[in-house]
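A.B. asks: One structure coming up, written as structure tokens, with questions to follow.
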Amino acid sequence: MIAVLRHLVYSVKLPKQTILSYSSDNQSQNTEFEDIEQCSEEYDRIFAAKIEEKSDIEATWAGKWKPAGLESKKVLSIHNLQCHSAIFTKMLLNDKLLNAVSELIDSPNVVLHHTKAHIKPPEIGSPFPSHQDYHYFPFKDDSMVAVFIHLDDSDPENGGLAVFPGSHKLGPLENKSDVPTHFYVDQEKFPLKNAVPVYARKGQIVIFSYLLVHASYPNVSNRNRRMLLFQMMSADDKPLTNAHKSPCRDMVLRGINKNRDADHNKRHEKE
Ligand SMILES: O=C(O)CCC(=O)C(=O)O
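Read in order, the letters of the sequence shown correspond to residues 20 to 290 in this note's numbering.
Laid out in structure tokens, this is it:
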């Protein structure tokens, strides 16, 4: 069974963080969720194919936030994995995952914003600056959560996630980035050394508000750090900007979306 731990709190609406355990040594989990090994193999297959095709998948965050000596570090990234393989579509529709998200965002109606995958290669994996996802895609009611799925055992040595518990209660913070493409908060107020490291086993999922200040460490180990991120929100929430319109955005994962426009002239995204 998925363990929903209620003692740590990173969500906006509910005073808790939710960790769902999908460890592959428990048979009942395997039957109800795509086997994490199967997901992991498919993930590796897609990355290998795109590296072979020489796709542009290097995605280290730009800006002056990088600590000296870490400028050459790398993150490999592919967005919208559900457009590459049905395994990820099935994961998005996992009942237990949607139960947890629905409870956290306090809505029976859950829609997708986007998904992405990051690999931090051994020894050269880049850190991420302390940031709030909010700045990339602000919404009116701040219902959005990040579903962070670990595909490797992760810790501070191999580039794991780090969080500032309670920071979501500060609301949107000032964007201190010096580049228009990437956003981050004041690195002196939220230095990585003050963050709480997340130690996660392969298959564990951490769900947190898009207002939570989070970051991640450089990968200085000889192990990979692979993750998947699903961003979801309430169907009743409204975007405050036109930014970040990924394919499959607004796909209904649970319940209904009564706000969806049906006008014929709006059936395609404007080119
Ligand atoms: O891959 C990571 O370690 C962090 C990713 C992240 O925080 C983000 O993309 O918002």
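All C-beta atoms, glycine included, are put in the ideal place defined by N, C-alpha and C.
Keep in mind it's a predicted model, so treat the numbers as computed, not measured.
Go ahead and pull the three-state DSSP assignment for A67.
C.D. replies: Position 48 of the sequence shown, counted from the start, is the residue given in the question as residue 67. Here A67 sits in helix by DSSP.
A.B. asks: Let me know the secondary structure DSSP gives Q101 once reduced to three states.
C.D. replies: Here residue 101 refers to the residue found at position 82 when the sequence shown is read from its first residue. In this structure, Q101 counts as helix in the three-state DSSP scheme.
A.B. asks: Look at L247 and A67 and say whether their C-beta atoms are less than 7 Å apart.
C.D. replies: Looking up residue 247 in the sequence shown gives position 228. Looking up residue 67 in the sequence shown gives position 48. Cβ atoms of L247 and A67: not closer than 7 Å.
A.B. asks: Would you decide whether R279 is buried or exposed? Buried here means 16 or more other CB atoms lie within 10 Å of its CB.
C.D. replies: Residue mapping note: residue 279 aligns to position 260 of the sequence shown, counting from 1. Under this definition R279 is an exposed residue.
A.B. asks: Can you tell me the Cβ-Cβ gap for V217 and A181, rounded? I've got them flagged as a contact below 8 Å.
C.D. replies: In the sequence shown, residue 217 corresponds to position 198, counting from 1. In the sequence shown, residue 181 corresponds to position 162, counting from 1. About 7 Å separates the two Cβ atoms, so the contact holds.
A.B. asks: Go ahead and label A281 buried or exposed: buried means 16 or more other beta carbons lie within 10 angstroms of its beta carbon, across all protein chains shown.
C.D. replies: For the purposes of this step, residue 281 is taken as residue 262 along the sequence shown, with counting starting at 1. The residue is exposed, with fewer than 16 neighbouring Cβ atoms inside 10 Å.
A.B. asks: Can you determine whether any heavy atom of ligand 1 sits closer than 6 Å to the C-beta of D152, and answer yes or no?
C.D. replies: Translated into positions along the sequence shown, residue 152 becomes position 133. Yes; taking the cut-off as 6 Å, the Cβ of D152 has a heavy atom of ligand 1 nearer than that.
A.B. asks: Does N213 come out as helix, strand or coil in the three-state DSSP assignment?
C.D. replies: Counting from one through the sequence shown, the residue named residue 213 turns up at place 194. Helix at N213.
A.B. asks: Out of curiosity, what's the CA-to-CA distance linking H103 and G185?
C.D. replies: Taking the sequence shown and counting its residues from 1, one reaches residue 103 at position 84. Taking the sequence shown and counting its residues from 1, one reaches residue 185 at position 166. If I take the Cα positions, the gap works out to 35 Å.
A.B. asks: Between Q206 and S149, which are expected to be in contact by the criterion C-beta below 8 Å, what is the C-beta distance as a whole number of angstroms?
C.D. replies: Working through the sequence shown from its first residue, we reach residue 206 at position 187. Working through the sequence shown from its first residue, we reach residue 149 at position 130. Between S149 and Q206 the Cβ distance is about 6 Å, and since that is below 8 Å, they are a contact.
A.B. asks: In or out: N128 buried (at least 16 other Cβ within 10 Å) or exposed?
C.D. replies: Your numbering for residue 128 matches position 109 in the sequence shown. The residue is buried, with at least 16 neighbouring Cβ atoms inside 10 Å.
A.B. asks: Between the Cα of S173 and those of N238, A254, V271, spot the shortest distance and give me the residue it belongs to.
C.D. replies: By 1-based counting over the sequence shown, the position of residue 173 is 154. For S173, the nearest C-alpha among the options comes from N238.
A.B. asks: L284 to G274, Cα distance in whole Å?
C.D. replies: Residue 284 sits at position 265 when you count from the first residue of the sequence shown. Residue 274 sits at position 255 when you count from the first residue of the sequence shown. The amino acid at residue 284 is misidentified as Leu; the sequence shows Asn. Cα-Cα distance, rounded: 25 Å.
A.B. asks: Sorted by chain position, which residues of the same chain lie with C-beta nearer than 8 Å to P140's C-beta, five sequence neighbours on each side aside?
C.D. replies: Counting from one through the sequence shown, the residue named residue 140 turns up at place 121. Counting only Cβ-Cβ distances below 8 Å, and skipping sequence neighbours, we find K93, L95, N238, N243.
A.B. asks: Go ahead and pull the three-state DSSP assignment for I106.
C.D. replies: Sequence index remark: in the sequence shown, residue 106 carries index 87 (1-based). In the structure shown, I106 sits in a helix (DSSP, three-state: H, G or I).
A.B. asks: Thinking K221 and H169 are a contact (beta carbons under 8 Å), I'd like their distance in whole angstroms, please.
C.D. replies: To locate residue 221, count along the sequence shown from 1; it is residue 202. To locate residue 169, count along the sequence shown from 1; it is residue 150. Correct: roughly 6 Å between the Cβ atoms.
A.B. asks: Hey, out of K69, L211, I124, whose CA is closest to E86's CA?
C.D. replies: Within the sequence shown, numbered from 1, the residue matching residue 86 stands at position 67. Per the sequence shown, residue 86 should be read as Pro rather than Glu. If we check each option's Cα against that of P86, L211 comes out closest.
A.B. asks: So, with DSSP's three-state summary, where would you put H263?
C.D. replies: Position 244 of the sequence shown holds residue 263. Note: H263 maps to coil in three-state DSSP.
A.B. asks: Less than 6 Å separating the Cβ of H187 from some heavy atom of ligand 1?
C.D. replies: Along the sequence shown, read from residue 1 onward, the residue named residue 187 stands at position 168. Flag unset: Cβ of H187 not near ligand 1.
A.B. asks: For R245, count the other beta carbons within 10 Å of its own beta carbon; 16 or more makes it buried, fewer makes it exposed. Which is it?
C.D. replies: Taking the sequence shown and counting its residues from 1, one reaches residue 245 at position 226. Label assigned to R245: buried.
A.B. asks: For the alpha helix (DSSP H) holding S121, just list the boundary residues, first then last.
C.D. replies: Translated into the one-based positions of the sequence shown, residue 121 becomes position 102. Run containing S121: 114-124, per the alpha helix (DSSP H) assignment.
A.B. asks: Quick check on L259: buried or exposed, where buried means 16 or more other Cβ atoms within 10 Å of its Cβ?
C.D. replies: The residue you call residue 259 lines up with position 240 of the sequence shown. Exposed is the call here.
A.B. asks: How many Å lie between M110 and E60 at the Cα?
C.D. replies: For the purposes of this step, residue 110 is taken as the residue at position 91 of the sequence shown. For the purposes of this step, residue 60 is taken as the residue at position 41 of the sequence shown. For M110 and E60, the distance between alpha carbons rounds to 14 Å.
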